[in-house]
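Notes for the one structure printed next.
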Amino acid sequence: MRRFTIFIFLILLFFSCEQAEETRYACESCCCVESDSGLFSSLEECWDACLPEPSTIPEVMVTVFLYENCPIAQYMCGPLRDAYRYFCDTLNQDFVFRGFSPNSFSTNSSIADFIIDYDIPFNISIDYNHNANIPGLYTQNYLPSVTPEIFIEINGELVYKGMIDNSYQELGEWSPPTQNFLSNILTDFINQEEIVYFETDAVGCLINY
Numbered sequence: 711m712r713r714f715t716i717f718i719f720l721i722l723l724f725f726s727c728e729q730a731e732e733t734r735y736a737c738e739s740c741c742c743v744e745s746d747s748g749l750f751s752s753l754e755e756c757w758d759a760c761l762p763e764p765s766t767i768p769e770v771m772v773t774v775f776l777y778e779n780c781p782i783a784q785y786m787c788g789p790l791r792d793a794y795r796y797f798c799d800t801l802n803q804d805f806v807f808r809g810f811s812p813n814s815f816s817t818n819s820s821i822a823d824f825i826i827d828y829d830i831p832f833n834i835s836i837d838y839n840h841n842a843n844i845p846g847l848y849t850q851n852y853l854p855s856v857t858p859e860i861f862i863e864i865n866g867e868l869v870y871k872g873m874i875d876n877s878y879q880e881l882g883e884w885s886p887p888t889q890n891f892l893s894n895i896l897t898d899f900i901n902q903e904e905i906v907y908f909e910t911d912a913v914g915c916l917i918n919y
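Residue numbers (my numbering): 711 to 919.
What follows is the structure, encoded as structure tokens:
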């Protein structure tokens, strides 16, 4: 009987170890992503290593928070895609675009489908710590209130946060945009115009903290 009990204990111990296999992280394009072959055992460790040195900080960094099942986020993939292709592809500007999903329901598969379905030309990563059941470090750093919401940094300094454009002033109320904040700021940068920090109230799906 004792041998049987020990045998059962060893089986349970084996499966608990299997389930407790740690998540690994890798640094890709200034972002930390889950990866079986990742070099880092914690998101914090990856974050510290992934942050660029001051001498290598991109001149322009566009960070956007998206949720693949949010209708407004889906719609705003159009202006995001247009901006990336115009400034990065057509004008050949070395701007960095990156996206994050702060939602616990996002999976690698759903994000991959989202990128394909909406023809998103830049990387989107899940930014949610499932082990601690809290938003990830990028979300905690930028503190977006909704998806979609963008943050534009120039030489490491935040110059804008809020709407991508103003086509949604309220939930469920769409109108043709009269201002494209993302495009305007990037154009001002290229034209060497002075850019003073400002923000707008992004409209979209609430992020639960």
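All residues carry an ideal CB built from backbone N, CA and C; glycine is no exception.
Inset, instruction - Find out if the Cβ-Cβ distance for the pair P845, A912 is shorter than 8 Å. - result: Position 135 of the sequence shown, counted from the first residue, corresponds to residue 845. Position 202 of the sequence shown, counted from the first residue, corresponds to residue 912. Not in contact: P845 and A912 (Cβ atoms no closer than 8 Å).
Inset, instruction - With DSSP as the reference, label Q879 as helix, strand or coil. - result: Numbered from its first residue, the sequence shown carries residue 879 at position 169. Residue state, collapsed to three classes: strand.
Inset, instruction - Starting from the C-beta of F807, find all residues in its chain whose C-beta is less than 6 Å away, skip the five residues before and the five after it, and write them out in chain order. - result: Position 97 of the sequence shown holds residue 807. Closer than 6 Å at Cβ, skipping near neighbours: V772, Y794, F832.
Inset, instruction - Return the first residue and the last residue of the alpha helix (DSSP H) that G872 is part of. - result: Sequence index remark: in the sequence shown, residue 872 carries index 162 (1-based). From DSSP, G872 is part of no alpha helix (DSSP H) but of the beta strand (DSSP E) over 867-872.
Legend entry - Which listed residue (G788, L892, Y870) has its alpha carbon closest to that of V906: Taking the first residue of the sequence shown as 1, we reach residue 906 at position 196. Selected option, being the one with the closest Cα: Y870.
Inset, instruction - Please report how far the alpha carbon of D898 lies from the alpha carbon of E904, in whole angstroms. - result: Residue mapping note: residue 898 aligns to position 188 of the sequence shown, counting from 1. Residue mapping note: residue 904 aligns to position 194 of the sequence shown, counting from 1. Per the coordinates, the alpha-carbon of D898 lies some 7 Å from the alpha-carbon of E904.
Inset, instruction - For the beta strand (DSSP E) containing T773, list its first residue and its last residue. - result: For the purposes of this step, residue 773 is taken as the residue at position 63 of the sequence shown. Segment 770-775, the beta strand (DSSP E) holding T773.
Legend entry - Proximity winner among Y852, C737, N901, relative to L801 (alpha-carbon distances): Counting from 1 along the sequence shown, the entry for residue 801 is found at position 91. Cα-wise, what sits closest to L801 is N901.
Inset, instruction - Go ahead and pull the three-state DSSP assignment for A736. - result: Stepping through the sequence shown from its first residue, residue 736 is reached at position 26. In the three-state scheme derived from DSSP, where H, G and I count as helix and E and B as strand, A736 is classed as strand.
Inset, instruction - Please state if the CB of G914 and the CB of F891 are separated by a distance shorter than 8 Å. - result: Translated into positions along the sequence shown, residue 891 becomes position 181. Translated into positions along the sequence shown, residue 914 becomes position 204. Against a cut-off of 8 Å, the Cβ pair of G914 and F891 comes out as no contact.
Legend entry - Beta-carbon contacts of R791 that lie in its chain and below 7 Å, excluding the five residues immediately before and after: As a first step, residue 791 is located in the sequence shown; it is residue number 81 there, counting from the start. The residues are D829, I830, P831.
Legend entry - Residue range of the alpha helix (DSSP H) that includes I900: Translated into the one-based positions of the sequence shown, residue 900 becomes position 190. Per DSSP, the continuous alpha helix (DSSP H) segment holding I900 begins and ends at 891-900.
Inset, instruction - Please go through the same chain and pick out, in chain order, the residues whose beta-carbon is closer than 6 Å to the beta-carbon of P768, but skip the five residues on each side of it. - result: Stepping through the sequence shown from its first residue, residue 768 is reached at position 58. Correct list, in chain order: V806.
Inset, instruction - Could you confirm whether any beta carbon from chain D is found closer than 8 Å to the beta carbon of G809? - result: Any reference to chain D falls outside this structure, which holds one protein chain only.
Legend entry - Run of the beta strand (DSSP E) containing G809, from where it starts to where it stops: Position 99 of the sequence shown, counted from the start, is the residue given in the question as residue 809. G809 -> beta strand (DSSP E) spans 806-811.
Legend entry - L697 to Y852 span [Cα, whole Å]: The first residue shown for the chain is 711 and the last is 919, placing residue 697 beyond what the model contains.
Inset, instruction - Determine the DSSP secondary structure at T888, reduced to helix, strand or coil. - result: As a first step, residue 888 must be located in the sequence shown, where it is residue number 178. Of the three classes helix, strand and coil, the one that applies to T888 here is coil, per DSSP.
Legend entry - Close beta carbons around D823, own chain, < 6 Å, minus the five adjacent residues each side: Along the sequence shown, one-based indexing puts residue 823 at 113. Same-chain partners within the cutoff: there are none.
Inset, instruction - Report, in whole angstroms, the separation of the C-beta atoms of E836 and S811, which I expect to be a contact under 8 Å. - result: Sequence index remark: in the sequence shown, residue 836 carries index 126 (1-based). Sequence index remark: in the sequence shown, residue 811 carries index 101 (1-based). Inspection of the sequence shows that residue 836 is occupied by Ile rather than by Glu. The C-beta distance from I836 to S811 rounds to 5 Å, short enough to meet the 8 Å contact threshold.
Inset, instruction - Kindly indicate which three-state DSSP category T849 falls into: helix, strand or coil? - result: Here residue 849 refers to the residue found at position 139 when the sequence shown is read from its first residue. Reduced to three states, the DSSP call for T849 is helix.
Inset, instruction - Per DSSP, which residues does N839 bridge with? Please list them. - result: Here residue 839 refers to the residue found at position 129 of the sequence shown. DSSP, once it has assigned bridges, lists I844 as partnering N839.
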